[in-house]
Amino acid sequence: MESPQFWNKKKDLFQEWNKKMYDLSTCNCNHFADAVLKAYGHGGLPGGYFSRGDHIDKQVWNTYSQRVLGLSPADSDRIGKGWCKVRDDTSNGLAKAEKKIRKIVGL
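Residue numbers (the numbering used here): 26 to 132.
What follows is the structure, given as structure tokens:
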């Protein structure tokens, strides 16, 4: 895909999805990830993701790792879960550090 095509698709997706209201069952991050993958010719999310409650970064990773890297679904899921744990641990640690700094400086 040429660069102008990529950016035009991105612009169209952002315009379409900025207009939509978030809805847990019909318009959530799973639906957005599915639409993005389809827009760029990757066939959407593999079955089962719409009910699993996974984070979008893990969904994109699983799709990419299975379709592009050729990993098995089990290996993709195992690595994706590891990534989410690291991400969550890091986010929680940063939030705690920020809270301590705010307390120290009186914010």
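The beta-carbon is built from N, C-alpha and C at its ideal position, and this holds for glycine as well.
When the options are compared against residue i, the one with the closest alpha-carbon
i          : options           : result
residue 67 : 122, 100, 26, 117 : 26
residue 35 : 52, 51, 46, 63    : 63
residue 28 : 65, 122, 88, 53   : 65
residue 89 : 114, 30, 33, 59   : 59
Cβ-based burial, residue i [other Cβ within 10 Å; buried from 16]
i           : result
residue 84  : buried
residue 61  : buried
residue 152 : Nothing in the structure corresponds to residue 152, since the chain is present only between 26 and 132.
Cα-Cα separation, residue i to residue j
i           : j           : result
residue 42  : residue 127 : 35 Å
residue 117 : residue 86  : 22 Å
residue 92  : residue 46  : 30 Å
residue 33  : residue 122 : 40 Å
residue 52  : residue 38  : 14 Å
residue 69  : residue 98  : 15 Å
residue 130 : residue 120 : 16 Å
residue 95  : residue 125 : 44 Å
residue 115 : residue 107 : 12 Å
residue 101 : residue 30  : 29 Å
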